[in-house]
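The next block holds one structure in the form of structure tokens; read it before the comments.
Numbering (our numbering), first residue to last: -16 to 254.
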């Protein structure tokens, strides 16, 4: 049997399967579908024709627009019907035609989306992705499997992110950009193939980062990407100098971390 709160409003033309859990003040519009293993927390809105399926949990206050399909099976040849999951956080906005898939069994079986994210029309989050908080994915953004998007990143319309790529915190990916390699926190990536084109200074300023700190991050960026050594060696060489600057340390830790992808740079991708 379904567990449906008394304050929930479910349209007579909607389908809520037995087994679904529907919280307080949830609104399910006409022609929506809610699968039997779905959990909808309080104050969620499903507008007409939205689909939430699979073993999917949606956080409080999230709003899902028409024709979105949340919790569909992974689009992977390695998926053979195993029961995998999707967790979507609180206060997300999932616009028309968005697709977000569950994980694959070979990689832990979970796709995880954080809080306060905005997914514009027809954007796609593939299996096993990790999306942080306060992320904006513009129209037609495509995340391949196993992508990590850190907090406050912005992805411009039509950009595509290669599988296993990491996009650092507060990075900015330009419209129609191909992100084939990891992008450092606060980095800006543009072009196809994507080329690192500096720092997201506007985003840093809007986030309240002091001008003096931004200048220090710029100096560190030059040392990392314009020094004579390799990117990783250059980053390691300045670690002590910038130990008191958390923004630079974020970048250095990101570069030092293990990854399946190389690092985007001002040169990688140029002919």
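All residues carry an ideal CB built from backbone N, CA and C; glycine is no exception.
With a cut-off of 8 Å, do at least 3 Cβ pairs link the segment 38 to 51 to the segment 76 to 90?
yes
Give the secondary structure of residue 234 by DSSP, where H, G and I count as helix, E and B as strand, and everything else as coil.
Along the chain shown, read from residue 1 onward, the residue named residue 234 stands at position 251. Helix, per DSSP.
Among the residues of its own chain, which have a CB less than 6 Å from the CB of residue 118, if the five just before and after it don't count?
To locate residue 118, count along the chain shown from 1; it is residue 135. The residues are 100, 132, 136.
Tell me which residues share the same chain as residue 112 and place their Cβ nearer than 6 Å to its Cβ, disregarding the 5 neighbours each side in the sequence.
The residue labelled residue 112 in the question sits at position 129 within the chain shown. Here the set comprises 94, 126, 130.
What whole-angstrom Cβ distance do residue 103 and residue 122 have, given they're in contact under 8 Å?
Taking the first residue of the chain shown as position 1, residue 103 is located at position 120. Taking the first residue of the chain shown as position 1, residue 122 is located at position 139. Correct: roughly 5 Å between the Cβ atoms.
Is the beta carbon of residue 87 less than 7 Å from the beta carbon of residue 106?
Within the chain shown, residue 87 is the residue found at index 104, counting from 1. Within the chain shown, residue 106 is the residue found at index 123, counting from 1. For residue 87 and residue 106, no; Cβs fall outside 7 Å.
Using the Cα positions of residue -10 and residue 23, report the straight-line distance between them to the nearest angstrom.
Translated into positions along the chain shown, residue -10 becomes position 7. Translated into positions along the chain shown, residue 23 becomes position 40. Their Cα atoms are separated by approximately 13 Å.
Determine which residues share a DSSP beta bridge with residue 143 and list them.
One-based indexing of the chain shown puts residue 143 at position 160. 125, 161, per the DSSP bridge assignment.
Determine the extent of the beta strand (DSSP E) in which residue 41 is found, giving its start and end residues.
The residue given as residue 41 occupies position 58 in the chain shown. Where residue 41 is concerned, the enclosing beta strand (DSSP E) stretches over 38 to 41.
Rounded to the nearest angstrom, how far is the Cβ of residue 162 from that of residue 177, given a contact under 8 Å?
Sequence index remark: in the chain shown, residue 162 carries index 179 (1-based). Sequence index remark: in the chain shown, residue 177 carries index 194 (1-based). Yes, they are in contact, since the Cβ atoms of residue 162 and residue 177 sit about 5 Å apart, within 8 Å.
In chain order, what are the residue ranges of uninterrupted beta strand (DSSP E) at least 3 long that sit wholly in the segment 82 to 124?
82 to 84, 93 to 96
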